[in-house]
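Below: the structure, in structure tokens.
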Amino acid sequence: MKMLILKELFKNKRHFLIGRKLKIFLGIGIGILYLPFIFSGNLYASEMTSIQEVICEETEYQTNVYYFSAEDEGPTVMILSGVHGNELAGIEASRIFMENFHPDKGTVIFIPEANKRACEKRVRSLSPEEDLNRLFPGDLSSDGIQKLAGEIFRVMTENKVTFLLDLHESVNYYHEDPNRYGQTIILDDNAYSLLQEIGNYLIHRLNSNISDQNKSFEVIIKPIHGSSTYEALKLHDIPSITFETCMKMELSERVDLHYQCIESLLKYYKIISSSLIAK
Ligand SMILES: [Zn+2]
Numbered sequence: 068m069k070m071l072i073l074k075e076l077f078k079n080k081r082h083f084l085i086g087r088k089l090k091i092f093l094g095i096g097i098g099i100l101y102l103p104f105i106f107s108g109n110l111y112a113s114e115m116t117s118i119q120e121v122i123c124e125e126t127e128y129q130t131n132v133y134y135f136s137a138e139d140e141g142p143t144v145m146i147l148s149g150v151h152g153n154e155l156a157g158i159e160a161s162r163i164f165m166e167n168f169h170p171d172k173g174t175v176i177f178i179p180e181a182n183k184r185a186c187e188k189r190v191r192s193l194s195p196e197e198d199l200n201r202l203f204p205g206d207l208s209s210d211g212i213q214k215l216a217g218e219i220f221r222v223m224t225e226n227k228v229t230f231l232l233d234l235h236e237s238v239n240y241y242h243e244d245p246n247r248y249g250q251t252i253i254l255d256d257n258a259y260s261l262l263q264e265i266g267n268y269l270i271h272r273l274n275s276n277i278s279d280q281n282k283s284f285e286v287i288i289k290p291i292h293g294s295s296t297y298e299a300l301k302l303h304d305i306p307s308i309t310f311e312t313c314m315k316m317e318l319s320e321r322v323d324l325h326y327q328c329i330e331s332l333l334k335y336y337k338i339i340s341s342s343l344i345a346k
């Protein structure tokens, strides 16, 4: 796997989108060196030139936004993880994916640790009142976590995001406890045919690799006010899904499922054409 990563990084002489309030890191390998590589255990220099955006700078909600853009125009997919800080699989899958990522067209925006302080403390939120996934679309003119939610939505709308994927985890399987959403793909509206199509596409791809029926995914309809996906769809007509794994499974298995979800979605939008890591 490390060899493949290295090969991909050296191939990546990329152009990155420039947005408002960007922190610019130019030079050989500088951008990629800022990505924390949990799984590789090594920092690889590369020829990649990158730009990252810092939102809520110099506040306790400061976090990074990473833009990956191909020279050829195409859809823009936004991938959120770490909205809940104790749901580790999506955060780690996003980081691994960013190491390997080489888009053929379009743009992918990652916010891997949306609620960074909660991620550092490995808690769902810093307090019960600060559940980020109930506070969207937030408020840019406010401060604190409302500002964070507002900044995430600003990134989404300013970049005219085509699709939003929000990665989460739950403490139990949905089929064991319908109040928990482990191993589901959550849609906020059943009247949106594109969401049904993408949900079914992801289910088909993911479940074809799962032999244990307990771990298979299902699509459910569950509108949650204040969630990123509900508000993106209702306020901005941006199709969105929430992806949930069950924390009863091993972390490595959950990370792999989140990785497969990201990869499958980007294949659906033809942003990538082949698997990044040989399984
Ligand atoms: Zn969550």
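To convert, take the position in the sequence shown, counting from 1, and add 67; that gives my numbering.
Glycine included, each C-beta is placed from N, C-alpha and C at the ideal position.
Please read these numbers as outputs of a predicted model, since none were measured by experiment.
Between which two residues does the beta strand (DSSP E) carrying residue i extend?
i, result
"N274", "Unbroken run through N274 is the alpha helix (DSSP H), 260–274; no beta strand (DSSP E)."
"C313", "307–313"
"S340", "Premise fails: S340 is in no beta strand (DSSP E) and is neither H nor E."
"S295", "Run containing S295: none in the beta strand (DSSP E); it sits in the alpha helix (DSSP H), 295–303."
"E236", "230–237"
"Y133", "130–136"
"I277", "Careful: I277 lies outside any beta strand (DSSP E) and carries neither H nor E."
"I253", "251–254"
Taking 8 Å as the line, does the beta carbon of residue i fall inside it for any heavy atom of ligand 1?
i, result
"E187", "no"
"N246", "no"
"V286", "no"
"S295", "no"
"N200", "yes"
"H151", "yes"
"E154", "yes"
"E236", "yes"
"R321", "no"
"E311", "yes"
"S191", "One point to set straight first is that residue 191 is Arg, not Ser, in the sequence displayed. Flag set: Cβ of R191 near ligand 1."
Comparing alpha-carbon positions, which option in the options lies nearest residue i?
i, options, result
"E285", "T312, P170, N226, L231", "T312"
"G173", "G141, K227, E159, V190", "G141"
"K214", "E320, C186, E124", "E124"
"Y128", "G149, R201, T296", "G149"
"I163", "Y326, G205, S331, L232", "Y326"
"F309", "M316, I329, H303", "Looking at the sequence provided, one finds Thr at residue 309 rather than Phe. Considering only alpha carbons, the answer is I329."
"M145", "I265, S307, L262", "S307"
"S331", "E159, Y241, A185, N276", "N276"
"F234", "V222, Q250, N246", "The sequence shown places Leu at residue 234, not Phe. The option with the nearest alpha carbon to L234 is Q250."
"R184", "V175, I176, S194, F177", "S194"
"E298", "N153, G205, P245", "G205"
Out of curiosity, what's the CA-to-CA distance linking residue i and residue j?
i, j, result
"L155", "E138", "32 Å"
"T229", "K188", "32 Å"
"N239", "I253", "15 Å"
"I118", "G217", "21 Å"
"L84", "L318", "Note that L84 has pLDDT 34, beneath the 50 cutoff, so the model's placement of it is unreliable and the number below is only indicative. The straight-line gap from Cα to Cα measures roughly 32 Å."
"G86", "A181", "Low per-residue confidence applies at G86: pLDDT is 35, beneath 50, and the placement is therefore not dependable, though the value from the model is reported in the following sentence. Spanning the two alpha carbons is a distance of roughly 18 Å."
"N226", "V132", "12 Å"
"K334", "N281", "26 Å"
"F168", "R201", "30 Å"
"I287", "D304", "19 Å"
"M223", "G157", "19 Å"
"I122", "T130", "6 Å"
"H271", "S208", "42 Å"
"V175", "Y259", "23 Å"
"E236", "M314", "6 Å"
"L262", "M316", "27 Å"
"S295", "I178", "13 Å"
Which residues mark the beginning and the end of the alpha helix (DSSP H) in which residue i is found?
i, result
"L215", "211–225"
"Y326", "318–335"
(request) Pick out the complete beta strand (DSSP E) segments inside the region 146–208, 3 residues or longer, and give them in chain order. (result) 174–178
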